[in-house]
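Asks: Using the numbering used here, read the sequence shown as starting at 36 and increasing by one per residue.
One structure, as structure tokens, below. Some questions next.
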Amino acid sequence: MKYFVLLLLFLSPACTWASYYFSPVGSQEAFLGNAGVGLLCSPGSPLYNPAGLGFCEYQLNLTVSGTGIAYQEMQDPAFHNQTGSFTSSTLMTSAVFSVDEKIKTGFFYSYPTNVDNTFRIQDASGGVTAKDVRFQYAQGGLSYGGLIDKSLAWGFSIAFTWNELRSDSIINTVSAGTTTSLNQKKFEQQNYIALNPGFVWRARDDYSIGATLQWRALNLYSEGDLYQNQLSTGDTQATETFGRYTPHTDPILGVTVGQVFHFSDNTFLLDLSYAPQYALPSTPIQQESDLSLFNISTGIKVPFRSVRFMGGGSFTQMSNQSISMLSTGINYNNRTYEANFGLYYKYSQNSEVGASNSDTLGFMYSSSVNY
């Protein structure tokens, strides 16, 4: 069960805000390595730090961003083959507008995660376990941000999240001359509310710092269905079982701190995230102890004539699972319109025996209109 639990550690985004995303998400943040908690104003602020909305001067902003196309390959060390697939998805859609002179509000929707992973492990007795797990995750919500004074802003987001997990397993065991074959299917759905309070402080004209809490606060719906079909040597008929269980629903908390430095016309961003109770396994038998998540995200923006070059990277570590991501792009911005486009590369590695690694290369875009 250990290797399956560790896979779910990667697949179960218990409170995926800001740097906790395993794919590039946001407006310019997606091209800056998913860093942006310390930004004073960005179309991606509803996702990264709603306090950044307090510094926005426009009356209305509409943003759409996504991956035009991405290609993913999985390296399976057990089967020694690769399977490739093309995907495209909406990374973020948002609308931000003024409530009054001091308060901005924003609606957002994001569909950042769609993952497929495979395991195959053979034990010393000759038994074989093969699993295929598919996971989808999306969220949408409402953000508020406002100024406390000219250098300090507050913000608050509430998100309604949805995730779905499907797992197919074939488990063959050999013991005392008896061979048992178990086919197992799992289907889980979860809906919950996540809260994201934060602040941003503009300490100087060339430096700002922000922080957010990511809190999976309230479970709305959580159900898992389990189907098993088992046949052993000497049996004349397979044994079928069907049951339901409740995936883990306890509150989960994490924190992100982000800084933004301005050097001449250049901008450097650094975000650090930590969740001591990040991922909990979605299995009937719960893990004995919670495992932590650590993430570092960094980005840089350099002007060149009428555009800005952007680049960044992030690294996430969760037990045996590590995810590295690089992104780069070009930003064009005038008073009423902002456009970003570029590329990203993501490598996911699981050191557990039999687990799949994956490479993803994709094209990204983002477009914003201000009024």
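We treat Cβ as the ideally placed atom computed from N, Cα and C, and that holds for glycine.
Look at the alpha carbon of Y280 and the alpha carbon of E199, and state the distance between them as a whole number of angstroms.
Replies: Each residue's alpha carbon lies about 15 Å from the other.
Asks: For D306, which beta-bridge partners are listed by DSSP?
Replies: Answer is G293 and S332, bridged to D306.
Asks: So, for S129: in the same chain, excluding its five sequence neighbours on each side, which residues have a beta-carbon less than 7 Å away from its beta-carbon?
Replies: The answer, listed in chain order, is P78, P81, T98, G141, F142 and F143.
Asks: Taking its Cβ as the centre, do 16 or more other Cβ atoms sit within 10 Å of Y83, making it buried, or is it exposed?
Replies: The residue is buried, with at least 16 neighbouring Cβ atoms inside 10 Å.
Asks: DSSP state of Y406, grouped into three classes?
Replies: Coil, per DSSP.
Asks: Roughly how many angstroms lie between the CA atoms of P85 and G101, to the nearest whole one?
Replies: Straight-line Cα distance between these residues: approximately 20 Å.
Asks: Return the chain-ordered list of same chain residues with a C-beta closer than 8 Å to the C-beta of L88, the five sequence neighbours on each side being excluded.
Replies: Cβ neighbours of L88 beyond the five flanking positions: C76, S80, P81, V131, K139, T140, G141, S178, Y179, G180, G181, A188 and G190.
Asks: The alpha helix (DSSP H) that contains S349, what's its start and end?
Replies: Looking at the DSSP string, S349 is not in any alpha helix (DSSP H); the run it does join, the beta strand (DSSP E), is V342 to M353.
Asks: Using 8 Å as the Cβ pair cut-off and three pairs as the minimum, do the segment 200-211 and the segment 235-253 touch?
Replies: With a cut-off of 8 Å, the segment 235-253 and the segment 200-211 do not count as touching, because too few Cβ pairs lie within range.
Asks: Using DSSP bridges, identify the partner residues of G364.
Replies: For G364, which the question treats as bridged, DSSP gives the partners M345 and G377.
Asks: Taking the straight line between their C-alpha atoms, what separation do you get for Y262 and Q384?
Replies: Cα to Cα, Y262 sits roughly 30 Å from Q384.
Asks: Whose C-beta lies closer than 7 Å to the C-beta of I6 among residues of the same chain, with five residues either side of it excluded?
Replies: Nothing can be reported for residue 6, as the shown portion of the chain is limited to 36 through 406.
Asks: Which two residues bound the contiguous alpha helix (DSSP H) that contains P81?
Replies: Here the alpha helix (DSSP H) through P81 covers S80 to Y83.
Asks: Kindly list the residues whose CB is nearer than 7 Å to the CB of D480, restricted to its own chain and excluding five residues on each side of it in sequence; keep chain order.
Replies: Residue 480 lies beyond the stretch modelled for the chain, which goes from 36 to 406, so this question has no answer here.
Asks: If you drop the 5 nearest sequence neighbours on each side, which residues of the same chain put their C-beta closer than 8 Å to that of F376?
Replies: G364, I365, F398, M399, Y400 and S401, listed in sequence order.
Asks: Applying the 10 Å Cβ sphere with the 16-neighbour rule, what's the burial state of K166?
Replies: Its Cβ being crowded by 16 or more others within 10 Å, K166 is buried.
Asks: Can you tell me whether N231 is buried or exposed, with buried defined as 16 or more other CB within 10 angstroms of its CB?
Replies: With 16 or more Cβ atoms within 10 Å of its Cβ, N231 is classed as buried.
Asks: Confirm, please, whether the CB-CB distance from S133 to Q94 is below 8 Å.
Replies: The answer is yes: Cβ separation under 8 Å.
Asks: Just confirm the distance between the C-beta atoms of G162 and V209, as a whole number of angstroms; I'd bet it's less than 8 Å.
Replies: That pair is a contact at about 5 Å.
Asks: With a threshold of 16 other CB atoms inside 10 Å of the CB of R370, please say whether the residue is buried or exposed.
Replies: Exposed: under 16 other Cβ atoms inside 10 Å.
Asks: Who are the Cβ neighbours of E323 in its own chain at under 8 Å, not counting the five residues just before and after it?
Replies: Low local confidence applies: a pLDDT of 39 at E323 is under 50, so the model's placement there is unreliable, with the coordinate-based value given in what follows. No residues qualify anywhere along the chain.
Asks: Can you tell which of Y406, F329, S349 and Y367 has the C-alpha that lies nearest to the C-alpha of Y382?
Replies: Ranking the options by Cα distance to Y382, first place goes to S349.
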